[in-house]
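Let me begin by presenting the structure, written as C-alpha cells, before commenting on it.
Residue numbers (the numbering used here): 331 to 644.
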C-alpha cells in the first residue's frame, strides 16, 4: 500500500510545529486517517493532541540518525497502522538523507519549507548549503514573521536563486498573507529563432530547461559549454555543459545535457565548444527512468574559447 508523506522543512523556530499543529487540527486535512507524525526536531512549541478531531495522530521522535533507515521507519508505520506520514524535518539535516531512508512504498505528496524572515538571510550567509537543500525540492516556501512594509525582494531573490517553480508565500506579523507575484524575466529570449545563451546565463538556462522542458521543445539554442562523455548510451551522444556553483566553491558540480551528434566520439572531454542544437523532450538513460527530459540534437559543434571564469552560478 502506498503511504503518502507530507514533508515540512525549515530551521529551528521557523514555524513548522505551529503549522503542523494547525493542519492536524483542521478537519479538512484530518478526516480520521491514522497518521504517523515523525518529529525530527524539538523546538519551543510542543504538539497538543487536544484539538485534533480524531484520536488518530501518533507522535514518534527521531533523535538518533541511526534510526533513519527503511526498516525502522516501516516498523513505526506498522506499529501504529498509519495510513500516512507527516514529517517535521530537522533543518540541520539534509533532505536526501531522509528520502533515502524512506521505505519503498512511502511517497512524498507535498514538501513545504518554512523560514523566519528575520533569520533566514543569516542562515543563507552562513549555511547556504542547508538553505539550498531545503529550497531545492520544496513546492512552496513560507516566509513568516515578515514585518509590514518590509522589503521582500531579498527573500524573493533567495528563493528564485534556487528555483523558479517554487511558490512563495509571505506571512506578515499583522496576520495578513500574500503570495509572491514578482515577475522574473529570463535573461534570454526563448522566442527568438535561435536562443542565445550568454556565458553567465548557462546556470539559469539549465535550471529553467530542466524544470520546464516542454516550453523549449522544438526550439533551437546556442551556448558555450565543455564536453563531457556519457557512461551510458554514449554511442552518438555527448553531454555539453558547465560547472555550476550552487552555494559555494565546494558545491560546484557539472550540469550537462545529453546531445545527439554523429561525431560525438571525436569530441575531447573538458574541451570548450559552441553548440547549436534543436531541443527535444524525450526519454534518455541520463534520466534513469524518471520520465522524459531535454535531449539536444546538434546542428553544429565548433571549438570555442573558454569562458571566464570557467564556472557559472545562479
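Beta carbons are placed, not taken as given, at the ideal position from N, Cα and C, and that holds for glycine.
No experiment lies behind these values; they were computed from the predicted model shown.
| request: Check the DSSP bridge columns for residue 589 and list the partner residues they point to. | output: 568 and 626
| Beta-bridge pairing of residue 641 - partner residues as DSSP gives them | 573
| Which residues share a DSSP beta bridge with residue 473? | 445 and 500
| task | Closer than 6 Å by C-beta to residue 411: which residues in its own chain qualify, once you throw out the five before and the five after it? Chain order, please. | result | 364
| query | Can the beta-carbon of residue 476 be found less than 8 Å from the beta-carbon of residue 503? | reply | yes
| said: What does the alpha-carbon distance come out to for the pair residue 419 and residue 541? | reply: 25 Å
| query | Run through DSSP, which three-state label would residue 461 get? | reply | helix
| message | By alpha-carbon positions, which one of 372, 362, 371 and 402 ends up nearest to residue 384? | response | 362
| message | Please tell me whether residue 355 and residue 533 are closer than 8 Å, where the distance is taken between their beta carbons. | response | no
| task | Report, in whole angstroms, the separation of the C-beta atoms of residue 442 and residue 472, which I expect to be a contact under 8 Å. | result | 7 Å
| 8 Å CB neighbourhood of residue 648 in its chain, flanking five on each side removed | This structure gives no information on residue 648, because the portion of the chain shown stretches from 331 to 644.
| field | Beta-carbon gap between residue 332 and residue 437 smaller than 8 Å | value | yes
| message | Less than 8 Å between C-beta atoms, sequence neighbours within five positions excluded: which residues of the same chain meet that for residue 499? | response | 470, 471, 472, 473, 507, 508, 509 and 510
| request: Sort 526, 621 and 593 by Cα distance to residue 544 and report the nearest one. | output: 621
| request: Identify whether residue 535 lies in helix, strand or coil by the three-state DSSP scheme. | output: helix
| field | Three-state class that DSSP yields for residue 331 in the structure shown | value | coil
| request: In the DSSP assignment, find the alpha helix (DSSP H) that holds residue 507 and state where it starts and stops. | output: Note, residue 507: premise wrong, no alpha helix (DSSP H); beta strand (DSSP E) at 507 to 509.
| task | Tell me residue 340's beta-bridge partners as DSSP assigns them. | result | 444
| message | Taking a contact to mean a Cβ-Cβ separation below 8 Å, would you say residue 570 touches residue 594 in this structure? | response | no
| Where residue 566 falls, given that 16 or more other Cβ within 10 Å makes a residue buried | exposed
| field | Delimiting residues of the beta strand (DSSP E) encompassing residue 408 | value | Careful: residue 408 lies outside any beta strand (DSSP E), inside the alpha helix (DSSP H) at 400 to 409.
| query | Is the beta carbon of residue 406 less than 8 Å from the beta carbon of residue 427? | reply | no
| said: Whole angstroms are fine: how far does the CA of residue 597 sit from the CA of residue 478? | reply: 56 Å
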